[in-house]
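This note's numbering applies: residue 21 is where the sequence shown begins, and numbers increase by one.
Report on the following structure.
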Amino acid sequence: MKNMCLLAIAISLTSQAVWAQTPPAPLPKKDVFVADLIKQMTEAEKIGQLRLISIGPEMPREMIRKEIAAGHIGGTFNSISRDENRPMQDAAMRSRLKIPMFFAYDVIHGHRTIFPISLGLAASWDMDAIGLSGRVAAKEASDDSIDLTFAPMVDIARDPRWGRTSEGFGEDTYLVSRIAKVMVHAYQGVSPALPGNIMASVKHFALYGAVEGGRDYNTVDMSLTRMFQDYLPPYHAAIEAGSGGVMVALNSINGVPATSNMWLMQDLLRKEWGFKGVAVSDHGAIIELIKHGVAKDSREAAKLAIKAGIDMSMNDKAYGEELPGLLKSGEVPQSDLDNAVREVLGAKYDMGLFADPYVRIGKAEDDPVDVNAESRLHRAEAREVARKSLVLLKNQSETLPLKKQARIALVGPLAKAPIDMMGSWAAAGVPAQSVTVYDGMRNALGQQGTLTYARGANITDDQKIVDYLNFLNFDAPEVTNDPRPAQVMIDEAVKAAQQADVVVAVVGESRGMSHESSSRTDLDIPASQRALITALKATGKPLVLVLMNGRPLTIDLQQQQADAVLETWFSGTEGGNAIADVLFGDYNPSGKLPITFPRSVGQIPTYYSHLSIGRPFTPGKPGNYTSQYFDAPNTPLYPFGFGLSYTEFSVSPVSLSAKTLKPGAKLTASVTVKNTGKRDGETVVQLYLRDVTASMSRPVKELKNFQKIMLKAGEENVVQFSIDEDDLKFYNTQLKSVAEPGEFDVQIGLDSQNVQQNSFELL
Ligand code: BGC
């Protein structure tokens, strides 16, 4: 495990999945092929191609197959095995024109092997590791006959009340844009036409992460400069990387729902960005135009959506039912229909389905006997990536790493929580296959030490919340409370603590608390668990908090009570082993926060790259008439980019290759980073820039680059960043991307706040 080399795994996956394959059989060029096919299609067949149907109890399989054979369905989602999808593809092959179906699924952070949630992946700041997670997911999904994923989800999230914060890569435009590219390349490989690869569809276009108050599905009202500067670049990066699809957001943007937004879908996406792929609505979004108050009925909703350029309608009936009438009356011209059909067929062409409709379904005799067979999982890769995603937030008096000979009390409702380990949107992951923290620690200890477990508390004792979380999940209740009185459970945990050398408490959220439709007004660890932590603290034993959660939590008191805090997000199938690797020091943590942790909900938003203001608060000076809250510190609890290691690093002052930069030229900023501690370790060296004076207020700093480096104990290395005019550009009030002459600060550090600074002038 320790010697595992990510690159070797990546290469072996790539070669198995991509390079060893022969290219698909030659077809006429896409445009010619698709145009020719469209000419042969009836209107009903064309409309059929625009329907994306969810496989579920509401539509019996037999009926779906009939509809497919009649040419009335273009693709499905949520059916995830070859033997489920083959009969549907067979039905498509019985249809008049034999247009293949595609099969989609939400493969967000793994398919059968579950990797850390996206926010955790981002915390690794390790593009190879993130790419590896995407490659494995693509390979596994493709092996299960999936052609397209509704991912990556690159919505910038700056309000952790929003439950889907867990599903994205955090608050920062630059980091999320880098990851967007990596994920698209990972899913699609050298071509989405090849088995082993799947097509990406970046979502949720656009700005879904900025919903008002963090309330899911709410409105977004945002200045154009902020949109272009901060929120749109990740989608653009995914499209530039070749994402074959785009999923359109459920929210409105400055009053116009994304699903009917001509400016967003036509002017920006198609014309300005030149997107040539398929645009899919989100679930039921077309019919929701009525509730948004922009369509009076489903007929008008269908008309608005197709005119805006929504090619496929996900699971609502509007296109199927309304387009025939709209075409007949001439309200929707044939050309609108043909445009949409062209994109759907074009995407199928790009997925390799016209060359071979069974490209991912394969032959029945090759179907896996057991889709969940252990041999189909990629545990080593999951463990390697998961341990990179863990962020050490506090480690007083070297409480961590734990000694394997120690007597350890392991407590908390999440210590043995296989479902929660996987996080939300866990695709085809099987809870029974996930390694809990308890399992992981047991595996690591073998015959050594003692590990005593006590649950200590329920996730929450608030029955209304338990009911809500269980209602959210259709398959089985996810949160099952221990019926014992809270005090009995606490007493048991305290007893275990008293008999131990150290206490590890695994606390936080259930996975459903950080999910779609799981917005919160309060980001505290639930009361039942807070009471447990307080009781454990009172024992005087060293206390380690292992946090599981899908968003920043407000843990000011709990981090004071604890001696060490390890943020583990929801870390996936191999999470427990990865966490044990860090707890026992078999892996030195290197993760960094991809999102700011506020002290309280009242501080939100706390993103680090806020604009400069006229009356900034200066730490150490009186706060009167400055921008702050007088009842709490102005700083967040943990800043963006923060994360500790079991070793220490120092960063030298920043040296610049020049004090001026000519347009078109480059300069180099360098620091010497030294591992001043006793262990080898990795850290992330972060480059921030500030445009000191410009034609409009600019952020106090913005991440512009980073490097994750490994240094042996005592080793030092020079880390260099090249800076050019592009790094200095921003969208001005005319929405032109410009670099304005003047002074720029260069800040380099190991988090966004603790930095070394120098400055130069752009001539
Ligand atoms: C979500 C999408 C998801 C879709 C299909 C919707 O509720 O907003 O992100 O891709 O469901 O599962």
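Heads up, the beta-carbon is just placed ideally off N, CA and C, and yes, glycines get one too.
query: Near the ligand BGC: residue 97 beta-carbon under 7 Å from a heavy atom; result: yes
query: Around the ligand BGC, Cβ to any heavy atom closer than 5 Å, ordered along the chain; result: 126, 170, 302, 303
query: DSSP-derived helix/strand/coil call for residue 680; result: strand
query: Beta-bridge pairing of residue 737 - partner residues as DSSP gives them; result: 693
query: Residue burial classification, residue 196 (beta-carbon count within 10 angstroms, cutoff 16); result: buried
query: Any 3 or more C-beta pairs closer than 8 Å across the segment 659 to 671 and the segment 679 to 697; result: yes
query: Boundaries of the alpha helix (DSSP H) in which residue 53 is found, first to last residue; result: 50 to 60
query: contact_flag[the segment 494 to 507, the segment 523 to 537] where n(CB pairs < 8 Å) is 3 or more; result: yes
query: Paired residues, beta bridge with residue 441 - DSSP; result: Its beta-bridge partners do not exist; DSSP assigns none.
query: Residue 377 to residue 161 span [Cα, whole Å]; result: 16 Å
query: Whole-Å CB distance - residue 609 paired with residue 755, under 8 Å assumed; result: Not confirmed; about 41 Å, so no contact.
query: Inside the segment 299 to 386 only - alpha helix (DSSP H) runs reaching at least 4 residues; result: 308 to 312, 318 to 328, 338 to 349, 354 to 370
query: Separation of residue 554 from residue 477, as counted between CA atoms; result: 12 Å
query: Reduced DSSP secondary structure (H/G/I, E/B, other) of residue 688; result: strand
query: CA-to-CA distance, residue 673 to residue 777, given in whole angstroms; result: 7 Å
query: Residue 710 burial status per 10 Å Cβ neighbour count (16 or more: buried); result: buried
query: Among 61, 245, 73, 260, nearest to residue 88 - alpha-carbon criterion; result: 73
query: Straight-line gap, residue 596 to residue 435 (C-alpha atoms, nearest Å); result: 9 Å
query: Short Cβ contact (8 Å threshold) for residue 70 with residue 332; result: yes
query: Same chain, Cβ closer than 8 Å to residue 648, five either side skipped, listed in chain order; result: 637, 654
query: Among 133, 150, 773, the one whose alpha carbon lies nearest that of residue 141; result: 150
query: contact_flag[the segment 360 to 379, the segment 106 to 125] where n(CB pairs < 8 Å) is 3 or more; result: yes
query: Rounded C-alpha distance that separates residue 568 from residue 587; result: 7 Å
query: Expected contact under 8 Å - CB spacing of residue 602 and residue 407 to nearest Å; result: 6 Å
query: Outcome for residue 613 when other beta-carbon atoms lying within 10 angstroms are tallied against a minimum of 16; result: buried
query: Close-in-space but distant-in-sequence residues of the same chain around residue 517 (CB under 6 Å, 5 per side omitted); result: 429, 523, 556, 559, 561
query: Boundaries (first-last residue) of the beta strand (DSSP E) holding residue 472; result: 470 to 474
query: Collapsed DSSP secondary structure at residue 33 in the structure displayed; result: With a pLDDT of 48 at residue 33, under the threshold of 50, the modelled position of that residue is not reliable, and no figure is offered here.
query: Unbroken beta strand (DSSP E) run spanning residue 97, endpoints; result: 95 to 97
query: Expected contact under 8 Å - CB spacing of residue 165 and residue 211 to nearest Å; result: About 18 Å separates the two Cβ atoms, so there is no contact after all.
query: Beta-carbon contacts of residue 30 that lie in its chain and below 8 Å, excluding the five residues immediately before and after; result: Low confidence applies here, because residue 30 scores a pLDDT of 47, under 50, leaving its location unreliable; read the following figure in that light. Excluding residues within five positions, the ones whose Cβ falls inside 8 Å are 148, 151, 152, 155.
query: Residue closest to residue 537, alpha-carbon to alpha-carbon, out of 759, 113, 186, 421; result: 186
query: Residues near residue 295 by beta carbon distance below 8 Å, same chain, minus five either side; result: 259, 266, 289
query: Rounded C-alpha distance that separates residue 33 from residue 387; result: For residue 33, the pLDDT reaches just 48, beneath the cut-off of 50, and the residue's location in the model is therefore unreliable, although a value from the coordinates is still provided. Taking the straight line from one Cα to the other gives about 20 Å.
query: Minimum C-alpha distance to residue 220 - residue among 237, 250, 178, 170; result: 170
query: Alpha-carbon spacing of residue 115 relative to residue 353, whole angstroms; result: 26 Å
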